[in-house]
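Down below is the structure, laid out as structure tokens.
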Amino acid sequence: MQFRRLWLLILILFLAALTGLLGMAGKTFARTNPFDSPLVGPFQMQTFLSPLSTPAGEPNLLVNGDMDDPRYPFYWRPTNHFVAGMWYEWFWTAAIPEFIDGGHPHHNECYPPPAPGRDCHDEGNHSQGYIRWGAGYIGGIYQPVSVSPCTLYQFQIYHKNQPDPGYISKVGIDPTGQNLPPHDEQDRYEYPMNCPPDYRSECPNPGLDTLDELPPNIIWSPEYRDIWNWQPLSVTAEAVSTTINVWTYTDARGVTTPPRSTYWDEGSLIQVPFPDNRLPPPASAMPSGFITNVVTQTVLDFLIIEWNTPQPASTQVWYRFITPTAPVTPTGSYFIYLPLVANYGLSAYTHATSLDTTPTTHHRVAIGGLWEGAQIEFVALSRRPLTNICVTEFSAPVQVTIGPIPPITRVYLPLVARGR
């Protein structure tokens with residue numbers, strides 16, 4: 020009996036050690052099918068009127084995106100404006116609307132619409148609205164958000180206007196995170212210090228004398244006219260900073276009916292993958308030297324690839340399998356070749372590892388499911404911000420021939436039936 024217990028303890032310790040070894044690699048050690056990843060073309064910006072297909076479970080990075088969080092109530096701004104918590108207002112000073120809580124019983128506008136026989140106030144459902152009688156306006160709301168640079172983000176928010184023709188609406192992302200400037204020194208102290216994120220901060224100056232004063236790097240969706248029923252507007256853009264701003268915009272100058280009103284609700288900002296989960300291709304045909312110290316090693320049937328970058332950047336490997344022209348007789352674990360320039364484009368690398376967008380200076384990925392004698396050629400890639408754009412850097416090609424792989428031991432625990 021003691022011998023059996025000792026034997027079971029040894030098996031349990033062995034399995035725990037093996038699980039820990041694979042767990043240390045995290046998702047980079049997940050086995051990849053070398054024939055799964057199709058080639059992808061250059062990344063294109065996308066804008067949509069309806070929701071995108073997005074990864075399930077991605078968190079909403081906006082704070083109080085639905086305007087309903089009781090921790091972030093509407094706050095007052097002169098002269099008679101009420102702005103949803105954690106959002107900022109902006110408007111064209113030539114025609115200033117009044118900012119309101121659209122879920123107030125006097126307005127009763129919110130998304131999702133209340134159940135029959137109830138109103139927005141009954142369900143605690145708020146929205147950001149702004150209204151004006153007798154003249155048009157241009158304005159909206161915006162929110163800064165902390166993000167990872169060189170990663171795609173989709174901003175989506177539901178929107179409707181007063182059912183009259185003449186409205187023009189759009190949404191945007193400023194990938195640089197530029198904010199509106201503060202009030203001028205001579206009048207900044209005339210305004211209350213009650214703004215996000217702590218309700219004790221100074222607000223940016225919301226008034227724009229011309230629309231040219233909007234941040235110049237905003238990526239806007241197409242302009243949509245006369246959205247009279249709740250519909251989602253969305254835009255996708257790549258962050259080039261650790262902060263981006265999401266923006267809403269409505270121009271009601273073309274509306275002729277005296278009452279004018281606009282509402283926004285149920286906003287979200289989520290990280291979305293690049294097409295086919297591959298980094299956008301490099302613009303240059305030659306490595307810049309940004310990626311250094313490319314090294315490889317084999318662990319069981321995994322090829323582990325590591326490299327360094329002088330600045331934090333993302334992580335991916337593109338690779339292809341080489342068909343040998345002559346029998347391969349491994350004399351060690353693998354061979355490595357470092358040609359300066361490949362005689363074909365990067366389109367030859369039809370397979371890719373999972374993309375890790377976490378900025379880091381030391382990069383590590385794994386290609387699994389390999390076999391003795393397999394020949395692989397790969398390039399290491401990292402994408403980084405450069406001024407107001409992101410660029411994909413890559414290494415010189417590396418060729419590896421996998422040498423002998425030690426037997427992979429599988430341990431099966433005996434099934435023990437209860438009561439026997």
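Positions 20 to 439 (my numbering) are the ones given, in order, by the sequence shown.
C-beta atoms are modelled at their ideal positions from N, C-alpha and C, and glycine is treated no differently.
What you are looking at is a predicted structure, and each value in this text was computed from that prediction instead of being measured.
- Distances from the CA of threonine 317 to each of Phe397, Ile421, Pro294 were compared; the closest alpha carbon is that of Ile421.
- For the pair tryptophan 266 and isoleucine 160, the Cα-to-Cα distance works out to about 6 Å.
- Per DSSP, proline 251 is one residue of the beta strand (DSSP E) stretching across 250-257.
- With a minimum length of 4 residues, there is no unbroken run of alpha helix (DSSP H) contained wholly in the segment 103-169.
- Contact check for glycine 273 against glycine 155 passes: the beta carbons are separated by less than 8 Å.
- In terms of CA proximity to asparagine 407, Glu257 leads the group Gly392, His125, Glu257.
- With respect to the C-alpha of glutamate 232, the residue from Cys139, Pro200, Arg207 having the closest C-alpha is Pro200.
- Assignment of aspartate 231 by DSSP, reduced to helix, strand and coil, places it in the helix class.
- In this structure, DSSP gives alanine 385 an extended state, which the three-state scheme calls strand.
- The Cβ atoms of leucine 81 and leucine 288 lie closer than 8 Å to each other.
- About 13 Å separates the beta carbons of proline 163 and glycine 191, which is beyond the 8 Å limit, so they are not a contact pair.
- One thing to note: alanine 399 has its Cβ no nearer than 8 Å to the Cβ of tryptophan 283.
- Taking the C-beta atoms as reference points, glycine 148 is found nearer than 8 Å to glycine 121.
- Residue pairing by DSSP places proline 78 opposite no residue, since no beta bridge is assigned to it.
- Residue pairing by DSSP places asparagine 180 opposite Thr281 in a beta bridge.
- The continuous beta strand (DSSP E) containing leucine 400 extends over residues 394-405.
- For leucine 298 against leucine 365, the beta-carbon gap comes to about 10 Å, at or over 8 Å, which does not count as contact.
- Rounded to the nearest whole angstrom, the C-alpha separation of asparagine 198 and isoleucine 263 is 9 Å.
- Here proline 423 is actually not in contact with glutamate 396; their C-beta atoms are around 21 Å apart, not less than 8 Å.
- Collapsing the DSSP output to three states places tyrosine 208 in a helix.
- Bridge partners of histidine 100 according to DSSP: Arg96.
- Using a Cβ-Cβ distance cut-off of 8 Å, the segment 217-227 and the segment 170-188 are not in contact, since fewer than three pairs of beta carbons, one from each stretch, lie closer than that value.
- Scanning Val419, His381, Thr379, Gly387 for the CA closest to the CA of threonine 372 turns up Gly387.
- In this structure, the alpha-carbon of glycine 153 lies about 8 Å from that of arginine 279.
- Boundaries of the beta strand (DSSP E) around tryptophan 326: 321-340.
- Look at alanine 304 here: in three-state DSSP terms it is coil, with no helix or strand label.
- Closest in alpha carbon position to glutamine 250, among Tyr130, Ser220, Asn99, is Tyr130.
- At the C-beta level, arginine 402 and alanine 302 stay beyond 8 Å of one another.
- Per DSSP, serine 188 is one residue of the beta strand (DSSP E) stretching across 187-193.
- Per DSSP, the beta bridge partners of arginine 244 are Ile187.
- Cβ contact annotation for threonine 276 (same chain, cutoff 6 Å, sequence separation greater than five): Asp183, in chain order.
- The beta carbon of isoleucine 310 lies closer than 7 Å to those of Trp326, Thr328, Ala399, Ser401, Glu412, Phe413, Ser414 in the same chain, with the five residues before and after it left out.
- Proximity to glycine 76 across Trp111, Cys139, Val291 peaks at Val291, based on C-alpha coordinates.
- Boundaries of the beta strand (DSSP E) harbouring aspartate 270: 262-270, taken from the DSSP string.
- Taken through DSSP and simplified to helix, strand or coil, serine 414 comes out as coil.
- Looking at the backbone, the Cα of aspartate 270 and that of threonine 112 are separated by about 13 Å.
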